[in-house]
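Numbering (the UniProt record's numbering), first residue to last: 1 to 383. Below: the structure, in structure tokens.
So this is what it looks like as structure tokens:
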């Protein structure tokens, strides 16, 4: 949240220097608005007005302050104090009318605690969102979750993780969408994989995903649908990152592509794992260095990846649960990605263009352990 006095003081200072700078400074300084339980509705309404800052707003972040990892009963959930967000309805309505909003981020929120007016404003007031980030949100039922996903048909960057619901109340039409999706990046950390993949696949004739990152748990996994998804988006897939973990220990497998003018393209899989921590949830950093084959590039380059992943064990047990890693080489998936022609995403008229493929012609890496269902789907073999 930006304080009213500070905002006005900065603008007045810039006006005294050069009045022509005001528009450019407002565009960069006031492009993002964060809403938290500490937000003051009256002060925000005084600062973010249609004639001052709202035309420059591009991103809204809503942090509800709900810790989904804490032990909260259903009765306590129903009494969560989210009145601060309900009081911001006039501001959200002003934003929907006067701001060209492009990015919406919602985290740590209990969806049923919002009033119907707030929910309708969030779902219908921002149809031109191209980047959607939803993390740690309890929807209570799958109908509300799918309504949220279907409300943003123009999304290009999608981050979905740690979403929860208790009941399956969605309809068949919600997971049978026919609208084309052109996604530059999809990131699914700890999502309800089966339901989300149903929605993503739907009945779409056109589904384009350029960068796909998936993290699955054994409890939520659906390997058959994951295979269908990767086969469908294979012709356009530029980067695939896969993380699979069972229970509380984390293991990582990452696939990078490389194209080299001097020889055949190669693939490498880097693996990193986090040791089990004896007590509560902690954060550990995993650093891996791999060759990266970037589709369309002509020179190999080395990439350093620094990621933060959760690690923990049960409070009363020191025995780590089994981990799985997957090697996508020598598989049916590799053949799906390696096509004779690389198709470009359809244009406005639905036409596609074909260009000579730069996919590798062969792979020579041994398969690692993975679940039998996933392995059969990729290779057609049981071992």
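Ideal Cβ placement from N, Cα and C applies to all residues, glycine included.
In the same chain as residue 161, and ignoring 5 residues on each side of it, the C-beta atoms closer than 8 Å to its own belong to 134, 135, 136, 187, 188, 189, 190, 191 and 215, in chain order. By the CB criterion at 8 Å, residue 53 and residue 47 fall inside the cutoff. A direct Cα-Cα distance of roughly 22 Å separates residue 116 from residue 99. Contact check for residue 147 against residue 112 fails: the beta carbons are separated by 8 Å or more. By a beta-carbon distance limit of 8 Å, residue 201 contacts residue 225. Their separation comes to about 7 Å.
For residue 129, no beta strand (DSSP E) segment is defined, and its DSSP state is neither H nor E. Between the alpha carbons of residue 155 and residue 132 lies a distance of about 7 Å.
Just so you know, the alpha carbons of residue 199 and residue 209 end up roughly 14 Å apart. Secondary structure at residue 215: strand, using DSSP grouped into helix, strand and coil. Burial state of residue 28 is exposed, judged by a 10 Å Cβ sphere holding fewer than 16 other Cβ atoms. Rounded to whole angstroms, the separation of the alpha carbons of residue 121 and residue 149 is 14 Å. Taking residue 65 as the centre and dropping the five residues before and after it, the same chain places the C-beta of 37 and 108 closer than 6 Å to its C-beta, in chain order. A Cβ-Cβ distance of about 35 Å is found for the pair residue 88 and residue 172, leaving them out of contact under the 8 Å criterion. In this structure, residue 158 lies near residue 183, with their beta-carbon atoms less than 8 Å apart. Pairing residue 235 with residue 206 gives a Cβ-Cβ distance that is not under 8 Å. Residue 147 sits in a helix when the DSSP states are folded into three classes. Straight across, the Cα-Cα distance linking residue 152 with residue 20 is about 36 Å. For residue 55, there is no enclosing alpha helix (DSSP H), since its DSSP letter is neither H nor E. In the DSSP annotation of this structure, the continuous segment of the alpha helix (DSSP H) that includes residue 90 starts and ends at 89-98. Nearest Cα to residue 233 within the set 194, 167, 185 and 58: 185. When rounded, the separation of the alpha-carbon atoms in residue 176 and residue 196 is 12 Å.
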